[in-house]
């Protein structure tokens, strides 16, 4: 298969960081080249720092160039800090100015955002635990603040203790309604919780102490969800708010093995029949309840996915062809250069060969600059509307044609032009985007619009005010899209779509209203854990009531069961199960029913528009809602990503990144302009690949520690456990130390379990002055974390993380080690006295430095050898890598008793001076 990769484009284009004498990056130099032999553009990003080393200003190459001729141009970012080094104010060219004040314990107490909304936090008095009580907000046009969130904490009554609620909050009144914890497990996992939504005509204001007044703001219906978990908090049974039950089963490593669904008053049916994993934790094979087997294969050197195929088992269709077989080809750094679906036949139409293959070309910055693929013959120009599907599924060749797209970017990484060409159908057009000269805000180009006009189409916080003429956008005080006017009818009621979100920025309600000739048609969606309630009303009459059971436990695949309480059409089966099979970034491409028959196929342009859309019936096509990147597409044409909405026809976000510079200085850029390689799971950053990677490492770490803890629990293992303990912490240690060791391991398990990879981690490209640091935990921030405070206490450096992940001698196994190591700093207050050597001995652990801790140098004349050994043992007990590796060696021993035999032999040789260094090859790496 020919590749579009041309290595000459990248020759002489390194990334260069210039450091000052403090090791701080003051210049980032990138060399941009789009084609072989083309000009090389030098792009310099500039940073400034204060005397304390705090970053105070950053400006990209584009705005810096404009500043040279216009002194009113401001940098991308300016920061000011308080005396503790916390950010006090942020001035962003894209997102405006934000000011945050913290108290002496570094908790937020006041925030003023760019739209002049004042947010305040109220906590318990100092004599109490200091828990968060409420959050108030006041916009510029409000006379008094509203209490938009309120926490009600449990006491210590016997009833509350029986439900494990003591010391926990039981009610959280927030921007969507009331969230209530009914019971928790011993580990803090939710066992029963409820949601009661605000009435449509109410806003969140939980002022005063009158709970009956608060209750009157809420709808009558209460949605209660229940879980039954195992001892590790993994869900075994999930019962949604309508009584549908999902049952899950795991293997010994804690990975999902199978899954069943029992709908109301029906028999249990298998959804996931089996899942098989590699030693690295990646899926190798899965079989679904519809008889489809999906197989995965990976590059041995990098563990990148290179093929995924789905086909029927023989029990359903004998000799049935492949339904989907995707093969991925990468360049040396991991960019996808081609995707081929060998399950689809090559078609011929109008003297052109139309294969089911996409190719991708990148510039020296790894931005996508060209893509090829196939599209429907009559698709026309991409816009905010979905193309009509081909119905029924096509069987001839005159359906698809080839296209080529080219992409152009400015010096600030803004996508400025998309050129589309499908010559056989004369579908040739250009989408141009006009970018402001003062920020990265941009709109579709149209007659008379200049860069000076662009900022007027955004509010001061960087929120776009309209999609198209007449389609206005309204934003709430938290910068969340509140309403879209679809059709403005002047003095008459407009067609609109409006939304409501909870405190975590998760959308819990969507309401679409269309004016009909004699009534208003309303479509309403309530989003609950594992369930969507979709209702259609014409006037006051309910014409359709659909329950969509979402089963997200099958890995990348999304499985949805559709049950109608009331339906208007017999053209679709009730209780239909739809299996969606996706691509590398989670886009739903193939939908199958419970018998493995095709419901629909969909293919996408790189930035998210639909290129091919075919279904076996129009009615079934109408019920596909999850599409590009595994996200829901609204009637507006926008994709909802939790923190933001995405415009696929422009390849840009609708608002500035609420996470700030986590994805660079351009707050509107979509996934680094590389939408084939990167996926943004939440709309906050394109490092979600790193987020997923670290989450996998965290999960692996928890599994290893749980097995280690269980190993310590069995008295029959005491001799083996004590032997490992003595190796790491001194030969004088006794068995009575083992319970304390187990307690320390359990504490770190709990800390890892509480670590939220979407909320508590700051993902950065790299650490200034260090190219080897993967992560570091801020112990002070970890100590200050509290309920209701989504504090960030762990930094993860994505470039280094990705290098570790893609190194076949490190990979997930070393990321698990890093996760345990860093959390031990916060949970156990461990120190970094010595590290294991993994980079110096790839594929192995060099324990030499760790064991040398146990015997401090003999030149300390004031200590006896016994005293020095005791001091060394204390130092080893507080050393992070000693704790991490000792616990993981328990896991290795539990998995393979021969590992301890090998460790014992090598340790004996090291102790007797037969070998100079103690090098151990972990079994998880020897399996590679």
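In UniProt numbering, the protein residues as written are 1 to 928.
Idealized CB from N, CA, C, for every residue including glycine.
Assuming residue i and residue j are in contact, meaning their beta carbons sit under 8 angstroms apart, how far apart are those beta carbons, in whole angstroms?
i, j, result
"residue 697", "residue 816", "5 angstroms"
"residue 618", "residue 391", "5 angstroms"
"residue 56", "residue 20", "13 angstroms between Cβ atoms; not a contact."
"residue 327", "residue 306", "7 angstroms"
"residue 880", "residue 832", "6 angstroms"
"residue 4", "residue 338", "7 angstroms"
"residue 675", "residue 368", "7 angstroms"
"residue 530", "residue 264", "The pair is not a contact, with the Cβ atoms about 14 angstroms apart (cut-off 8 angstroms)."
Who are the near neighbours of residue i in its chain, counting only those whose CB is closer than 7 angstroms to its CB and skipping five residues on each side?
i, result
"residue 854", "730, 869, 872, 873 and 876"
"residue 624", "591 and 600"
"residue 519", "538 and 539"
"residue 42", "29 and 31"
"residue 714", "none"
"residue 452", "437"
Evaluate residue i with the Cβ neighbour count: other Cβ atoms within 10 Å of its Cβ, from every protein chain shown; 16 or more gives buried, anything less gives exposed.
i, result
"residue 443", "buried"
"residue 319", "Any reading at residue 319 is ruled out, since the residue's pLDDT is 49, under 50, leaving its predicted position unreliable."
"residue 300", "exposed"
"residue 197", "buried"
"residue 883", "buried"
"residue 899", "buried"
"residue 211", "exposed"
"residue 654", "buried"
"residue 615", "buried"
"residue 493", "exposed"
"residue 292", "buried"
"residue 920", "buried"
"residue 589", "buried"
"residue 129", "exposed"
"residue 840", "Residue placement at residue 840 is poorly supported in this model, since its pLDDT is 48, which falls under 50; the coordinates are not used for a value here."
"residue 179", "buried"
Taking DSSP as the reference, what is the three-state secondary structure of residue i?
i, result
"residue 486", "strand"
"residue 608", "coil"
"residue 282", "coil"
"residue 261", "strand"
"residue 250", "strand"
"residue 817", "helix"
"residue 892", "helix"
"residue 299", "coil"
"residue 914", "coil"
"residue 705", "helix"
"residue 108", "strand"
"residue 876", "helix"
"residue 853", "coil"
"residue 219", "coil"
"residue 401", "strand"
Given a cut-off of 7 angstroms, decide if residue j and residue i are closer than it, judged by their beta-carbon atoms.
i, j, result
"residue 137", "residue 131", "no"
"residue 957", "residue 275", "One cannot answer for residue 957 here, as it falls past the ends of the chain, which runs 1 to 928."
"residue 709", "residue 746", "yes"
"residue 227", "residue 191", "yes"
"residue 176", "residue 500", "yes"
"residue 667", "residue 680", "no"
"residue 586", "residue 643", "no"
"residue 383", "residue 649", "yes"
"residue 271", "residue 551", "yes"
"residue 72", "residue 364", "no"
"residue 461", "residue 96", "yes"
Can you name, in chain order, every residue of its own chain whose Cβ lies under 6 angstroms from the Cβ of residue i, other than the five neighbours on each side?
i, result
"residue 638", "645"
"residue 523", "512 and 536"
"residue 397", "347, 348 and 349"
"residue 118", "112 and 138"
"residue 1015", "In the structure as shown, the chain starts at 1 and stops at 928, and residue 1015 therefore has no counterpart that could be examined."
"residue 51", "none"
"residue 664", "none"
Give every residue of the same chain whose Cβ lies closer than 8 angstroms to the Cβ of residue i, excluding the five residues on either side of it in the sequence, and list them in chain order.
i, result
"residue 428", "420, 421 and 422"
"residue 725", "733, 737, 738, 741 and 886"
Say whether chain C places a C-beta atom closer than 7 angstroms to the C-beta of residue i.
i, result
"residue 897", "You won't find chain C in this structure, because it holds only one protein chain."
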